[in-house]
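Residue numbers (our numbering): 1111 to 1728. Note that CB positions come from ideal geometry on N, CA and C, so glycine has one too.
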Amino acid sequence: MKTDTGGDVIGIGQPRMQLADDSSLGGLALRTRAGLAIAEDAGWITLWNLATGEVSRRIEPIPELDPLAVTFAISPDAAWLAIGSNSKTRVFSRPFDQIAFTASCSQARAFSHDSKLFVCHGRLPEVWNLSDRKLVAKAPDAALPLRMPKAVQFSTDDRSLYWATDHDLIRWDFATTGATTSVYKSRDEIANAVFSEGSNTAFVSTRPSGSYKRASVLVDLTSGQASASASEYTGAVSSSGKYLIYGAGTEVRVVDAATSKTVWSAKQTSVVQRVAFASDVDLVGFVAGKRLNIVDLPTGPRSYDAPSRFAGWLAEGVVAIERDGKLEQLTLADRTWKPVDRSALAVKTDAPAWASWIAPGGAVAAEPSPRHDVAPDVRSSTPCAAKLRVWTPKGGAKVLAMTCTGAASADPGWEIGGGWAVGVGTRTAIMYDAASGRRVGSLNVERPRIDKAKFAHAFWTMALSPAGNFLALISRGPELPPDGNPDPREDAMHIAESRDKIDCVTNMSGECRMEYFLTLYILAGTPKQAWQARVEHKQGPDERAAQPSSVAFDHSGKHLIVGMSDGEIQVMSTSTAGPKHVERFHHGPILRLIASPGDGWVFSEDAAGQQRLWRLPP
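This is the structure we're talking about:
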C-alpha cells in the first residue's frame, strides 16, 4: 500500500473482529465452510477470517450514494456477494475483488439455497439469475404497499419468495403461478422480521400503536402458525430451525426453539445490536458495541490473538510496537526488529505526580483536565474546569484560569503544548505562557455566519503545535439556509410550516447539516488569525457531511493534519490555506494522529482499530 504521493504505508496489526462504529443498522452474516464473517461497517462491507479474526477484505461504498443505505447478501456457498445502495446493486464473485455485474435495483436481500438466484428490490422484489445475469421475475405492482419490504428470503425449494411488510408476511410463487399470498397477518405493526436461511421459519417482532413495548413470535411460513408471544426485539433463527438467538439489552441468549430452554447465554459490556446464525452449521455471531463475537454451540465463544499495537515513537523512523505480549522496536528504513526496554518510552520529566498530563517533549505538564480526553460529542456531560494547575521545569507550578460558558457547554477547555497553555471558551481563547503563568493575549474564537450573524459557531476541538508556533481550532454550527423566503411556494401558510418544522439552532433537526471551520492562529508575538478553511465535505447528494474527528500538528508546525469521520486524512500547510493533500487508507473515523519526531512519518488509528504508519508528504 502507498500514499497518494507514493510513500510507504505500513499496517501495524490487523484488529480482530472489530467494527468502525456501534450502529445497530446493517446486516451480519456467517459462512462457516468458507471461513467468513460479513457485516455492514460504517457504510463499507467488511469480511473477516473466522479462523484468525483478521479483516480479509473491505469493500467501500459508492462515493456518490448514501453510505447508510448500504445492504448486502452473500450466497450460501459464499461464491457471490451482492451489495445494494441507492440506485443499483453490485454483484461480486469470489474473491470479491471485482464486480461481476450490476443489477438495476437498490437493496440486496438474499440468495437462493442453491446459489443460482438472488433477490433485490427497489419498491418491488426482483429475482435475478446469476448464470446469465438477467432478470427472471418481478413482483406484481399490487403485491406490495408503498413501503419497501422489511426482509426477504427464498423458500427452501427456491420456487417461492417470502417478504415482510408492515403487517403481513407474503409468499410470492414466482416460479409457478406468480400469485402472492399473505401467510401471516399481524394486528400490530411489524417492527423487525428475520427469516431463517435454511428453514421456512421467521422471527417477527411487533409494536402496538402508541407503545414502545415489543412482542415477538416465531412463525412457521408453511402453515402460518405462530409460537407463543415473547418480548424480544432483536433475534434470529438458526438454519436448522432448532435454535433462536435473542439480543436483549446487554444480554445475548441462545434458546432451544422446541423447549424454550437456554442453550447458551452471556452478559456483555455493551448493548447487543445485531445477531445471526451461520447458514450451514449452528454457529452464532453477534455485535455488542463495536465488537463482533463468534460462538460455537455448545462449546462457547471463540478467542483470537491480540493484534500488534503502536506504543510510541522512539526516534525518527523508529517505532515501538507491542506484539505477542512483548515490546519491540521496528526500524522503518530496513524493517528490522529488535527487543526494546519499556523505559525507552517514558517521557523524561521531573514533573510532580499530580501533573500526569504531559505535553510532547515534557516541557509542560498539567493536572488532567476533565474534558481533555473526552470525545467532542460528549463534552457537555463532563464538567468544565475553569482552572488548570500546570508545571514547567523553569517556572514550577502555576494555576491558570478561564471562563466556562456553563456546565452543559461543549467547550473543551484546556490544551497544553509548546510552552503554552490555552483555555478556550465559546467566545474567547486565553493564551498563557506556561512557565511564568502570565496571560499573553486572547483570541476571538466566535465564528458567526456572515449571513446570520446572531448564530455563532460552537467550539469543537483544538490542537497546539509542539513547536509552540500555532494553535488550530475547529468550530462547528448549523448550516442555516440563506436569508430570504424559506419555502418556494411563497405563501404565509407554507412559510410558517417550514419555519416550525426546521430548527437548526436549538432542536438540531435531522434536516440540518453541520458546518465545520478550521481556523489557524499564529502565536508568535501577539496571537492573531492566519487563515480559516471549511473542512467538512459532502458525499455526493448525501447531506450528512463527513466531519473532522481529530486534529494534530507535526513537530515543526509546518503541517496540520486533520482526520475525518469517513477515514479520510487531510494534510495541509500551515503557511497558507491552499490545496489539501488527501490520504484514504482508513475507513472509520480517525481517532489518533501522531507525527514522528523528525516529521517524516505519521501514525494514524481509526475507530475500527486499524493502525497505520505512513510517510508525511513534503
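Here the alpha carbons of residue 1150 and residue 1186 stand approximately 18 Å from one another. DSSP places residue 1246 within a strand segment (E or B) once states are collapsed to three. Between the segment 1393 to 1410 and the segment 1137 to 1151 there are three or more C-beta pairs closer than 8 Å, enough to call the two in contact. Secondary structure of residue 1237 (DSSP, three-state): strand. In this structure, residue 1153 sits near residue 1180, with a CB-CB distance shorter than 7 Å. For residue 1450, no beta strand (DSSP E) segment is defined, and its DSSP state is neither H nor E. In this chain, the beta strand (DSSP E) harbouring residue 1624 covers 1624 to 1632. In this structure the segment 1489 to 1503 does not touch the segment 1444 to 1456; the number of beta carbon pairs closer than 8 Å is below three. In the DSSP assignment, residue 1126 is bridged to no other residue. Segment contact: the segment 1193 to 1202 against the segment 1215 to 1222, three or more CB-CB distances shorter than 8 Å; contact assigned.
Between residue 1296 and residue 1347, the C-beta spacing is not below 7 Å. Remark: three or more beta-carbon pairs, one from each stretch, lie closer than 8 Å, so the segment 1568 to 1587 and the segment 1623 to 1635 are flagged as touching. In the structure shown, the three-state DSSP call for residue 1411 is strand. Between the C-alpha atoms of residue 1378 and residue 1241 there is a straight-line separation of about 43 Å. Under the DSSP assignment, residue 1196 falls outside any beta strand (DSSP E); it carries neither an H nor an E label.
Closest by C-alpha distance to residue 1239, out of 1665, 1284, 1389, is 1284. With a beta-carbon spacing of about 21 Å, residue 1231 and residue 1266 fall beyond the 8 Å limit used to define contacts. Contact between the segment 1461 to 1468 and the segment 1433 to 1440 is not established, with fewer than three Cβ pairs separated by less than 8 Å.
The beta carbon of residue 1213 is closer than 6 Å to those of 1199, 1230, 1238 in its chain, skipping five residues each way along the sequence. Setting aside the 5 residues that flank it on each side, residue 1540 is surrounded in the same chain by 1512, 1533, 1552, each with a C-beta closer than 6 Å to its C-beta; the list follows chain order. Taking all protein chains shown into account, residue 1236 has 16 or more neighbouring C-beta atoms within 10 Å of its C-beta and is therefore buried.
Distance from the Cα of residue 1205 is smallest, within the candidate group 1168, 1228, 1233, for 1168. Under the DSSP assignment, residue 1441 falls in the beta strand (DSSP E) whose first and last residues are 1436 to 1441. Between residue 1300 and residue 1311, the C-beta gap is not smaller than 7 Å, which leaves the two residues out of contact. Beta bridge pairing from DSSP links residue 1206 with no other residue.
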